[in-house]
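Each residue of the sequence shown is one higher than the one before, starting from 1 at the first, in the working numbering.
The beta-carbon is built from N, C-alpha and C at its ideal position, and this holds for glycine as well.
In this text, all values refer to a predicted model and were calculated from it rather than measured experimentally.
Worksheet for the structure shown next.
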Amino acid sequence: MARTNSEDLLDDDLAAAFLNEEEGGAAVSDATKEIAQELVEETPNEPAEDEWANDTDDFPGQLAVDVYETADKLVVKARTAGISKSDLDVSIADNILTISGVLSGGEDEQTTRWHIQECYWGEFSRMIALPVQVREDENSVKAELKDGVLTITFEKEKVEAPKKIAIQ
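Right, here's the structure in full:
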(Lines of atoms letter the chains of each structure in order from A; the text may use other names.)
(Lines give C-alpha, C1' and ligand atoms only; values in the text may rest on other atoms or scores of the structure.)
Protein backbone atom coordinates (compact mmCIF):
# COMPACT_ATOMS: atom_id res chain seq x y z
CA MET A 1 0.00 0.00 0.00
CA ALA A 2 1.53 3.36 -1.02
CA ARG A 3 1.75 6.05 1.65
CA THR A 4 0.10 9.41 1.03
CA ASN A 5 -0.16 12.68 2.93
CA SER A 6 -3.82 12.02 3.57
CA GLU A 7 -5.14 13.01 7.01
CA ASP A 8 -7.06 9.74 6.94
CA LEU A 9 -3.90 7.59 6.68
CA LEU A 10 -4.55 5.92 10.04
CA ASP A 11 -8.14 5.25 9.04
CA ASP A 12 -7.00 3.73 5.73
CA ASP A 13 -4.37 1.54 7.44
CA LEU A 14 -6.83 0.26 10.05
CA ALA A 15 -9.46 -0.45 7.46
CA ALA A 16 -6.94 -2.22 5.21
CA ALA A 17 -5.63 -4.32 8.08
CA PHE A 18 -9.02 -5.49 9.24
CA LEU A 19 -11.35 -5.23 6.27
CA ASN A 20 -9.29 -6.12 3.19
CA GLU A 21 -9.67 -9.81 2.40
CA GLU A 22 -8.87 -9.50 -1.31
CA GLU A 23 -5.12 -8.75 -1.05
CA GLY A 24 -4.13 -12.05 0.50
CA GLY A 25 -5.40 -11.23 3.97
CA ALA A 26 -6.96 -13.93 6.09
CA ALA A 27 -10.71 -14.18 6.29
CA VAL A 28 -12.01 -11.87 9.01
CA SER A 29 -15.12 -12.58 11.03
CA ASP A 30 -18.09 -10.20 10.89
CA ALA A 31 -17.57 -9.32 14.58
CA THR A 32 -13.93 -8.33 13.92
CA LYS A 33 -15.01 -6.25 10.91
CA GLU A 34 -17.57 -4.45 13.07
CA ILE A 35 -15.00 -3.69 15.79
CA ALA A 36 -12.48 -2.47 13.20
CA GLN A 37 -15.07 -0.18 11.62
CA GLU A 38 -15.91 1.30 15.06
CA LEU A 39 -12.19 1.89 15.68
CA VAL A 40 -11.83 3.65 12.34
CA GLU A 41 -14.84 5.86 13.03
CA GLU A 42 -13.72 6.76 16.59
CA THR A 43 -10.07 7.53 15.79
CA PRO A 44 -9.62 11.33 15.82
CA ASN A 45 -7.66 12.94 13.01
CA GLU A 46 -4.33 14.54 13.89
CA PRO A 47 -4.39 18.36 14.02
CA ALA A 48 -2.92 20.14 11.04
CA GLU A 49 0.73 21.19 11.36
CA ASP A 50 -0.13 24.88 11.84
CA GLU A 51 -2.45 23.97 14.75
CA TRP A 52 0.50 22.36 16.63
CA ALA A 53 2.60 25.50 16.19
CA ASN A 54 -0.01 27.65 17.92
CA ASP A 55 -0.11 25.42 21.01
CA THR A 56 3.48 26.24 22.04
CA ASP A 57 2.62 29.86 22.82
CA ASP A 58 0.29 28.86 25.65
CA PHE A 59 2.94 27.86 28.21
CA PRO A 60 6.56 28.76 28.92
CA GLY A 61 9.41 26.46 27.92
CA GLN A 62 11.06 24.09 30.36
CA LEU A 63 14.60 24.40 31.65
CA ALA A 64 16.68 21.21 31.95
CA VAL A 65 18.44 20.83 35.30
CA ASP A 66 20.82 18.53 37.16
CA VAL A 67 20.31 18.16 40.93
CA TYR A 68 22.82 16.38 43.15
CA GLU A 69 24.14 16.50 46.68
CA THR A 70 27.43 16.28 48.49
CA ALA A 71 27.95 15.58 52.20
CA ASP A 72 26.87 19.09 53.23
CA LYS A 73 25.51 20.78 50.07
CA LEU A 74 22.71 20.44 47.53
CA VAL A 75 23.62 21.64 44.03
CA VAL A 76 21.31 22.57 41.15
CA LYS A 77 22.84 23.20 37.71
CA ALA A 78 20.99 24.50 34.67
CA ARG A 79 22.28 25.15 31.17
CA THR A 80 21.41 28.78 30.51
CA ALA A 81 23.59 29.66 27.52
CA GLY A 82 22.68 32.97 25.96
CA ILE A 83 20.83 34.31 29.02
CA SER A 84 22.14 37.32 30.87
CA LYS A 85 21.96 37.68 34.66
CA SER A 86 19.40 40.45 34.29
CA ASP A 87 17.04 38.09 32.39
CA LEU A 88 17.13 35.41 35.14
CA ASP A 89 14.98 35.20 38.26
CA VAL A 90 15.86 32.66 40.96
CA SER A 91 13.81 32.29 44.15
CA ILE A 92 13.13 29.74 46.89
CA ALA A 93 10.19 29.34 49.25
CA ASP A 94 9.16 26.31 51.31
CA ASN A 95 11.95 24.18 49.79
CA ILE A 96 10.65 24.87 46.23
CA LEU A 97 13.21 26.41 43.87
CA THR A 98 11.92 28.51 40.97
CA ILE A 99 14.12 29.49 38.04
CA SER A 100 12.54 31.64 35.34
CA GLY A 101 13.59 34.11 32.71
CA VAL A 102 13.56 35.14 29.10
CA LEU A 103 15.77 33.86 26.30
CA SER A 104 15.80 36.48 23.58
CA GLY A 105 17.68 36.74 20.31
CA GLY A 106 16.07 34.08 18.15
CA GLU A 107 14.01 36.40 16.01
CA ASP A 108 15.28 38.29 13.01
CA GLU A 109 12.88 40.73 11.40
CA GLN A 110 14.34 40.02 7.96
CA THR A 111 13.56 36.29 8.11
CA THR A 112 11.27 35.31 5.26
CA ARG A 113 11.16 31.54 5.81
CA TRP A 114 12.33 29.13 8.51
CA HIS A 115 13.91 25.87 7.37
CA ILE A 116 14.70 24.42 10.80
CA GLN A 117 13.77 25.96 14.15
CA GLU A 118 14.83 23.81 17.10
CA CYS A 119 16.03 26.42 19.58
CA TYR A 120 13.56 27.73 22.13
CA TRP A 121 13.25 31.51 22.35
CA GLY A 122 11.02 33.26 24.85
CA GLU A 123 9.94 32.81 28.43
CA PHE A 124 10.90 29.74 30.43
CA SER A 125 10.17 28.59 33.95
CA ARG A 126 11.04 25.63 36.13
CA MET A 127 9.88 24.80 39.66
CA ILE A 128 11.77 22.09 41.52
CA ALA A 129 10.79 20.52 44.84
CA LEU A 130 14.19 20.07 46.42
CA PRO A 131 14.80 16.47 47.58
CA VAL A 132 16.39 17.43 50.91
CA GLN A 133 15.72 20.20 53.38
CA VAL A 134 18.00 23.21 52.74
CA ARG A 135 18.74 26.45 54.53
CA GLU A 136 17.03 29.31 52.72
CA ASP A 137 18.81 32.31 54.30
CA GLU A 138 20.96 34.55 52.07
CA ASN A 139 24.23 33.43 53.65
CA SER A 140 23.53 29.74 52.94
CA VAL A 141 22.67 29.99 49.22
CA LYS A 142 25.08 30.83 46.41
CA ALA A 143 24.06 31.37 42.76
CA GLU A 144 26.66 31.74 40.03
CA LEU A 145 26.31 32.16 36.26
CA LYS A 146 29.50 31.15 34.47
CA ASP A 147 30.09 29.98 30.89
CA GLY A 148 26.36 29.53 30.26
CA VAL A 149 25.75 27.36 33.33
CA LEU A 150 23.73 28.56 36.32
CA THR A 151 24.91 26.82 39.50
CA ILE A 152 22.92 27.21 42.71
CA THR A 153 24.47 25.75 45.85
CA PHE A 154 22.50 25.32 49.09
CA GLU A 155 23.70 24.32 52.52
CA LYS A 156 21.73 21.32 53.66
CA GLU A 157 19.69 21.72 56.83
CA LYS A 158 21.26 19.88 59.73
CA VAL A 159 18.80 17.16 60.68
CA GLU A 160 19.25 15.68 64.11
CA ALA A 161 19.26 11.93 64.35
CA PRO A 162 16.08 10.54 65.90
CA LYS A 163 16.36 10.12 69.66
CA LYS A 164 15.57 6.74 71.09
CA ILE A 165 12.92 6.73 73.76
CA ALA A 166 13.22 4.02 76.36
CA ILE A 167 10.06 2.07 77.07
CA GLN A 168 9.48 1.41 80.77
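Where residue i sits in the DSSP three-state scheme
i, result
"LYS142", "strand"
"LYS164", "coil"
"ASN156", "With the sequence shown as reference, residue 156 is identified as Lys, and Asn is not the correct amino acid for it. Of the three classes helix, strand and coil, the one that applies to LYS156 here is strand, per DSSP."
"ASP89", "strand"
"VAL134", "strand"
"SER104", "coil"
"GLY148", "coil"
"ILE99", "strand"
Cβ-Cβ separation, residue j to residue i (assumed contact under 8 Å), whole Å
i, j, result
"ALA78", "ILE99", "6 Å"
"ALA81", "GLY148", "3 Å"
Residue i - containing beta strand (DSSP E), residue span
i, result
"LYS77", "73–79"
"VAL65", "65–69"
"THR111", "Where THR111 is concerned, there is no enclosing beta strand (DSSP E), given that its DSSP letter is neither H nor E."
"SER84", "That residue, SER84, is in no beta strand (DSSP E); it is neither H nor E in DSSP."
"GLU123", "122–129"
Own chain partners of residue i with C-beta closer than 7 Å, once the 5 adjacent residues on each side are dropped
i, result
"GLY101", "ILE83, ASP87, LEU88, ASP89 and PHE124"
"GLU155", "ASP72, LYS73, VAL134, ARG135 and SER140"
Beta-carbon gap between residue i and residue j smaller than 7 Å
i, j, result
"THR153", "LYS146", "no"
"VAL134", "GLU118", "no"
"ILE128", "LEU97", "yes"
"LEU63", "ARG126", "yes"
"THR151", "GLU160", "no"
The ligand GTP heavy atom lying under 6 Å from the CB of residue i
i, result
"ALA161", "Looking for the ligand GTP in the displayed structure turns up nothing, as the structure carries no ligands at all."
Spatial neighbours of residue i in its chain, beta-carbon cut-off 8 Å, leaving aside the 5 residues before and after
i, result
"GLU69", "VAL75, PRO131, VAL132 and LYS156"
"GLY105", "GLY82 and TRP121"
Residues near residue i in its chain [Cβ-Cβ closer than 6 Å; skip 5 each side]
i, result
"VAL67", "VAL76"
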